[in-house]
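**Student:** Counting along the sequence shown from 1, when you hit position 18 you're at 18 in full-length UniProt numbering, and nothing is skipped either side.
Virtual Cβ for every residue (Gly too), placed ideally from N, Cα, C.
Sharing a structure with you now.
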Amino acid sequence: MGYQDIYAAWKNDPEGFWMKAAQDIDWVKPPSRAYFDQGPAGEWFADALVNACWNAVDRHVEAGRGDQLAIIHDSPITHSYRGITYRELRDRVARLAGALRDKGVGKGDRVIIYMPMVPEALEAMLACSRLGAIHSVVFGGFAAHELAVRIDDCTPKAIIAASCGLEPGRVVHYKPLLDRAIEEATHKPEFCVIFQREQEVAELIEGRDYAWHSFQYGVEPADCVPVEGNHPHYILYTSGTTGQPKGVIRHTAGHIVALNWTMKNIYGINAGDVFWAASDVGWVVGHSYICYGPLLAGATTIVFEGKPVGTPDPGIFGRIIQNHKVKVFFTAPTAIRAVKREDPACLYIRDYSLKSLRAVFLAGERADPDTVQWVEQNLNVPVIDHWWQTETGWAIAANPFGIESLLVKYGSPSVPMPGYDVQVLDEAGHPVPPGTLGAVAVKLPLPPGTLPTLWKADERFRKSYLTNFPGYYETGDAGYIDEDGYLYIMARTDDVINVAGHRLSTGAMEEVLSSHPAVAECAVIGVADPLKGQTPLGFLCLKKGVEIGPEQIGREVVQMVRDRIGPVAAFRNTVVVDRLPKTRSGKILRATMAKIADGEEFKMPATIDDPAILDEIREALHKAGHMAATA
């Protein structure tokens with residue numbers, strides 16, 4: 001069956017489609033049906049009993065594949081590598097779960113995990129899943145105040161942390177951040193487990209803190225605890241516009257059914273294959289496609305502690321793919337652009353044999369056509385942009401590599417996946433004609449694996465996602481669908497700018513800018529204009545070794561936008577900067593940049609990678625005369 005047949009099969013019989021997908025999961029008690037019309041947005045497989053850790057780990061050992069590698073940890077920062085088999089992983093997870101159980105952690109209790117990219121982070125997640133405890137992973141090194149906010153929101157019984165994280169050339173001290181966060185938080189965890197790394201052994205607080213190894217010494221391993229299908233599997237916080245983080249919930253059964261389906265059908269991954277998502281366990285990609293997805297499929301997942309460049313060079317992706325025989329590689333367009341900027345000819349990666357590689361998947365930021373084509377030309381494999389969100393947990397739209405390779409349309413993440421009835425709506429909530437820019441929404445109900453609500457915040461969930469367009473989930477993205485049913489995501493809804501009454505996509509302009517041969521990365525924002533309401537301003541990061549002057553490049557990209565989009569865009573101004581402000585997951589902070597340009601007050605984004613970049617942006621705008629205060 002091809003994509004069209006499979007999508008039609010879902011649309012004609014959603015219940016039957018998802019019940020069939022559920023047959024690939026080991027159930028303690030199978031669900032009586034797939035969809036339950038209950039809760040704020042419906043629930044999936046709610047009356048089943050199941051355990052996520054069993055399905056991700058134990059069942060593969062029972063099936064005779066205990067000696068296969070489950071996890072490969074590769075750290076170019078510590079120059080170390082190790083592999084963990086499924087049998088070893090089961091035993092390690094069961095022992096940690098036993099130690100947590102002996103300290104009173106059980107079904108429904110929350111556990112915060114605050115760790116770097118080490119296998120122990122996955123073991124902590126799986127140990128919670130084994131007990132039916134609800135884990136909440138917070139990005140390692142997150143600021144103490146932001147960690148404290150999350151402690152107060154999810155009220156964990158325990159926190160599992162590492163003594164430190166490692167960045168190129170520096171040690172990030174996790175334990176002092178953790179101590180300050182607990183001191184600031186109103187809620188206090190009963191105990192903490194600290195994984196001591198050899199680069200830094202942290203001081204433990206007697207009576208509260210336990211060292212990872214001694215904590216587990218001599219305990220009885222824990223068996224898997226069955227939980228209801230609608231039992232919360234984890235809480236993952238995403239930034240809220242109010243400054244209060246939103247705790248996205250994932251229900252257990254729908255989560256594992258959906259992820260298991262995606263591994264084969266979207267990514268083309270089967271048991272024994274090697275899958276590498278170059279992300280972090282603190283983000284949704286790390287949950288879905290470093291930990292649970294690959295392990296549910298019986299594949300080998302790579303835990304990578306490094307950067308696209310600088311650990312030690314732009315060839316690191318090639319080394320990992322060659323040495324570990326990676327079949328499918330998943331990264332962010334931002335990471336690719338970092339490599340492209342440092343090594344435009346892709347000489348470093350091509351030093352390695354990439355014969356195992358079958359496809360590269362991109363997500364996190366919009367994949368501009370120039371970036372996609374650069375990877376295609378240099379790696380000679382399909383490059384698949386796909387679009388999803390923390391809230392959905394898996395792809396809303398993709399090119400389903402495991403089913404069939406559809407025609408690639410540059411700038412589009414291709415077509416909706418089964419479970420998603422994607423519509424583009426006008427401000428009144430009516431579908432717009434093909435090719436018309438509007439708000440991208442998904443007709444309810446959402447498929448399994450997506451958020452059923454927010455942690456202890458049903459009303460906020462309804463207000464954030466369900467109120468503007470009744471009967472739909474509002475994605476917060478703007479885009480259009482073409483005549484062939486391909487979806488184009490052009491910007492966050494907030495990033496669509498209004499120039500003299502014309503609604504224009506910043507993504508369309510960025511697509512033009514990024515096609516200039518000297519441009520490594522770019523961003524377009526709307527700045528206040530007394531005549532037109534808003535006008536676009538382009539930020540350009542240039543490739544290494546560029547000999548053309550910034551003024552000349554600016555003139556050329558202005559002309560390119562005029563030629564390809566038209567004078568209506570009113571695109572006249574550019575600023576060259578060394579780097580763009582981003583979240584740690586690689587998203588460009590366009591809204592914050594716009595507030596700086598307009599001279600408005602803004603709250604420092606909790607997830608910003610390096611706050612010092614905002615000062616660089618402010619200085620560049622002042623110098624170029626584009627600050628509102630100097631206009």
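Helix, strand or coil, according to DSSP, for VAL538 in the structure here?
**Tutor:** The residue asked about is misnamed: residue 538 is Gly in this sequence, not Val. Three-state DSSP puts GLY538 in a strand.
**Student:** Just verifying my parser: in three-state terms, what is the DSSP assignment at LEU504?
**Tutor:** Reduced to three states, the DSSP call for LEU504 is strand.
**Student:** Which residues mark the beginning and the end of the alpha helix (DSSP H) in which LYS11 is found?
**Tutor:** Residues 3–12.
**Student:** Please go through the same chain and pick out, in chain order, the residues whose beta-carbon is closer than 7 Å to the beta-carbon of ALA148, but skip the five residues on each side of it.
**Tutor:** Taken in chain order, the residues that qualify are ALA181, GLU184, ALA185.
**Student:** On the CB-based measure, 16 or more other CB atoms within 10 Å of its CB, does ARG82 come out buried or exposed?
**Tutor:** By the neighbour-count rule (16 or more Cβ atoms within 10 Å), ARG82 is not buried but exposed.
**Student:** Contact check, ASN330 vs TYR289 under 8 Å by CB: the rounded distance?
**Tutor:** First, the amino acid is wrong: residue 330 is Phe here, not Asn. PHE330 to TYR289, Cβ: 6 Å. Contact.
**Student:** Hey, would you say VAL575 sits closer than 7 Å to ALA508, going by beta carbons?
**Tutor:** No. Outside cutoff.
**Student:** For THR450, count neighbouring Cβ atoms within 10 angstroms of its own Cβ and tell me buried if that reaches 16, exposed if not.
**Tutor:** The residue in question, THR450, is buried, as its Cβ has 16 or more Cβ neighbours within 10 Å.
**Student:** Evaluate the contact criterion for the region 197–205 versus the region 25–39: three or more CB pairs, one atom per stretch, below 8 Å.
**Tutor:** Contact between the region 197–205 and the region 25–39 is absent, because fewer than three Cβ pairs lie under 8 Å.
**Student:** Measure the Cβ-Cβ separation of TYR10 and PRO448 and say whether it is below 7 Å.
**Tutor:** Looking at the sequence provided, one finds Trp at residue 10 rather than Tyr. It is not a contact, given that the beta carbons lie outside the stated cut-off.
**Student:** From ALA491, ARG618, LYS264, PRO314, pick the residue whose C-alpha is nearest to that of ASP598; which is it?
**Tutor:** With distances taken between Cα atoms, ASP598 lies closest to ARG618.
**Student:** Here's the rule: buried if 16 or more other CB atoms are within 10 angstroms of the residue's CB, otherwise exposed. What is ASP610?
**Tutor:** Exposed, by the Cβ-count rule.
**Student:** What does a CB cutoff of less than 6 Å around VAL285 pick up in its chain, not counting 5 residues either side in sequence?
**Tutor:** Counting only Cβ-Cβ distances below 6 Å, and skipping sequence neighbours, we find ALA277, SER279.
**Student:** Are the beta-carbon atoms belonging to LEU589 and PRO605 less than 7 Å from one another?
**Tutor:** For LEU589 and PRO605, yes; Cβs fall inside 7 Å.
**Student:** Could you tell me which uninterrupted alpha helix (DSSP H) segments, each at least 4 residues in length, are contained entirely in the region 288–315, listed from first to last along the chain?
**Tutor:** Counting whole runs of 4 or more residues, the region 288–315 contains the alpha helix (DSSP H) stretches 293–296.
**Student:** Note down, one range per segment and in chain order, each beta strand (DSSP E) of at least 3 residues found wholly within the region 365–394.
**Tutor:** Qualifying beta strand (DSSP E) stretches, in chain order: 383–385.
**Student:** Please name the residue, chosen from TYR348, ARG337, TYR472, VAL326, that lies closest to PRO314 on a Cα-to-Cα basis.
**Tutor:** The shortest Cα separation from PRO314 among TYR348, ARG337, TYR472, VAL326 belongs to TYR348.
**Student:** Straight-line CA distance for VAL303 to ILE71?
**Tutor:** If I take the Cα positions, the gap works out to 7 Å.
**Student:** Go through its chain and collect everything with a Cβ distance to THR262's Cβ below 6 Å, but skip five positions before and after it.
**Tutor:** Cβ neighbours of THR262 beyond the five flanking positions: TRP394.
**Student:** Could you please give me the residues that DSSP links to GLU190 through a beta bridge?
**Tutor:** Answer by DSSP bridge pairing: none, since GLU190 is not bridged.
**Student:** What is the DSSP secondary structure of GLN423, counted as helix, strand or coil?
**Tutor:** Of the three classes helix, strand and coil, the one that applies to GLN423 here is strand, per DSSP.
**Student:** Starting from SER136 and walking both ways along the beta strand (DSSP E), at which residues does that stretch end?
**Tutor:** Where SER136 is concerned, the enclosing beta strand (DSSP E) stretches over 134–137.
**Student:** CB-CB under 7 Å to LYS595, same chain, minus the five flanking residues each way: which ones, in chain order?
**Tutor:** Contacts found: PHE602.
**Student:** One question on the structure: do VAL546 and ALA518 come within less than 7 Å of each other, judged by their Cβ atoms?
**Tutor:** A contact, by the Cβ cut-off of 7 Å.
**Student:** Please state the DSSP three-state secondary structure of PRO232.
**Tutor:** Residue state, collapsed to three classes: strand.
**Student:** Once the 5 residues before and after GLY310 are set aside, which same chain residues still bring their CB inside 7 Å of it?
**Tutor:** Counting only Cβ-Cβ distances below 7 Å, and skipping sequence neighbours, we find PRO168.
**Student:** Helix, strand or coil: how does DSSP classify PHE330 here?
**Tutor:** The answer is strand: DSSP assigns PHE330 an E or B state.
**Student:** Along the chain, where does the beta strand (DSSP E) containing VAL498 start, and where does it finish?
**Tutor:** Before going further, note that residue 498 is Asn rather than Val in the sequence given. Its beta strand (DSSP E) spans residues 497–499.
**Student:** Would you call residue 637 buried or exposed, if buried means 16 or more other Cβ atoms sit within 10 Å of its Cβ?
**Tutor:** The structure shown does not extend to residue 637, since the chain is modelled only from 1 to 631, so the question has no answer here.
**Student:** If I measure Cβ to Cβ from residue 680 and keep anything under 6 Å in the same chain, skipping five residues before and after, which residues do I get?
**Tutor:** A question about residue 680 goes unanswered here, because the residues of the chain that appear run from 1 up to 631.
**Student:** What does a CB cutoff of less than 7 Å around ALA629 pick up in its chain, not counting 5 residues either side in sequence?
**Tutor:** Summary for ALA629: the model assigns pLDDT 40, below 50, so the residue's position carries little reliability, and this model does not support an answer.
**Student:** Find out if the Cβ-Cβ distance for the pair GLY438, PHE469 is shorter than 7 Å.
**Tutor:** Cβ atoms of GLY438 and PHE469: not closer than 7 Å.
**Student:** Can you tell me whether ILE553 is buried or exposed? The criterion is at least 16 other CB atoms within 10 Å of its CB, across all chains shown.
**Tutor:** So ILE553 counts as buried.
**Student:** From which residue to which residue does the alpha helix (DSSP H) around ILE182 run?
**Tutor:** Unbroken alpha helix (DSSP H) run through ILE182: 174–184.
**Student:** Find the nearest neighbour of PRO413 within the set ILE384, ARG562, ARG208, ALA202, judged by alpha-carbon distance.
**Tutor:** That would be ILE384, whose Cα lies nearest to the Cα of PRO413.
**Student:** Pair every Cβ in the region 215–223 with every Cβ in the region 416–425, then say whether three or more of these pairs are closer than 8 Å.
**Tutor:** Touching, no.
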